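Asker: Sharing a structure, written as structure tokens. Questions coming.
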Amino acid sequence: MSFLITSIAMFSFWILLSGEFTFILITSGIVSSLIVAYLSHDIFIGKPDLKTETGRIFKFIRYLPWLLWEIVLANFEIAYLVLSPKLKVDPQIVRFKPDIKTDLGIVTLAHSITLTPGTVTVEANKEEFVIHAIWQKSAEGIINGKMQRKVKWIEEGTNELEGEKNV
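Residue numbers for the sequence shown, in the UniProt record's numbering: 1 to 167.
Shown next, in the form of structure tokens:
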């Protein structure tokens with residue numbers, strides 16, 4: 001079952017990013033999705049519990065607009081930083097112990113941090129994350145842990161975030 005869910009997720013993501021729908025491209029997308037799913041379905045899903053995994057997929061779908069909004073906001077902040085007369089660059093290395101348990105959660109958090117302008121994940125594992133932030137505001141965004149709480153919410157399937165009613 002995890003192979004099927006992974007295949008569908010990979011192909012859906014491929015279709016979303018493709019933009020063109022010719023026979024050869026759709027066929028190559030299906031083949032690529034099947035190969036990737038075969039190689040990584042146990043990593044992507046973990047335990048093949050359909051109800052839990054379906055819930056995680058829907059939670060991840062709810063997470064994506066929030067992440068996109070964070071990326072847009074960070075783009076404006078970086079544009080302001082670059083265009084301001086006094087360039088306030090204050091590069092920092094931020095280290096923290098993640099409260100994430102699964103490999104997929106670690107990867108999701110690491111990529112989410114790297115996708116957000118002004119931050120780059122240097123190292124990520126279950127013991128420690130090392131992040132490069134271009135200025136203090138980016139570092140504070142990582143230290144406050146909101147992104148980590150959202151990824152944990154997806155990972156653990158908790159009903160709601162602590163202190164927040166909606167994701």
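Built from N, CA and C at the ideal position, the CB exists for glycine as well.
All of these numbers come straight from a predicted model, not from anything done at the bench.
Buried or exposed: K150, going by 16 or more other Cβ atoms within 10 Å of its Cβ?
Answerer: It is buried - the Cβ of K150 has at least 16 other Cβ atoms within 10 Å.
Asker: For a test of the three-state rule: what should DSSP assign to F96, helix, strand or coil?
Answerer: The answer is strand: DSSP assigns F96 an E or B state.
Asker: Hey, out of A110, S84, L4, whose CA is closest to I35's CA?
Answerer: Closest by alpha carbon: L4.
Asker: Identify whether I131 lies in helix, strand or coil by the three-state DSSP scheme.
Answerer: I131: strand per DSSP, three-state reduction.
Asker: Shortest alpha-carbon distance to G29 belongs to which of F58, L39, F11?
Answerer: Of F58, L39, F11, the residue nearest in Cα terms is F11.
Asker: Exposed or buried, what is P65 when buried is set at 16 or more other beta-carbons lying within 10 Å of its beta-carbon?
Answerer: P65 comes out exposed.
Asker: Looking at I134 and G145, is the spacing between their C-beta atoms short of 8 Å?
Answerer: No, Cβ-Cβ distance for G145 and I134 is not below 8 Å.
Asker: Distance check for A74 and E20, CA to CA, integer angstroms please.
Answerer: E20 and A74: Cα-Cα distance of roughly 29 Å.
Asker: Per DSSP, what kind of secondary structure is T121 in: helix, strand or coil?
Answerer: The answer is strand: DSSP assigns T121 an E or B state.
Asker: So, helix, strand or coil for I143, using DSSP?
Answerer: Looking at I143 - three-state DSSP - the assignment turns out to be helix.
Asker: Can you grab the Cα-Cα spacing for the pair T158 / K86, in whole Å?
Answerer: Because the pLDDT of T158 is 49, which lies under 50, any placement of that residue in the model is unreliable, and the number read from its coordinates should be weighed accordingly. Between T158 and K86, the C-alpha separation is close to 44 Å.
Asker: Kindly indicate which residue of T116, V89, E127, W69 has the alpha-carbon position closest to the one of K97.
Answerer: Out of T116, V89, E127, W69, E127 has the C-alpha closest to the C-alpha of K97.
Asker: Less than 8 Å between the C-beta atoms of T121 and A139, yes or no?
Answerer: No.
Asker: Sorted by chain position, which residues of the same chain lie with C-beta nearer than 7 Å to V167's C-beta, five sequence neighbours on each side aside?
Answerer: Residue placement at V167 is flagged as unreliable, the pLDDT there being 48, under the threshold of 50; the coordinate-derived value follows with that caveat. Correct list, in chain order: R62, Y63, W66, K150, W153, L161.
Asker: Look up E20 in the DSSP assignment and say whether it is helix, strand or coil.
Answerer: Coil at E20, not helix or strand.
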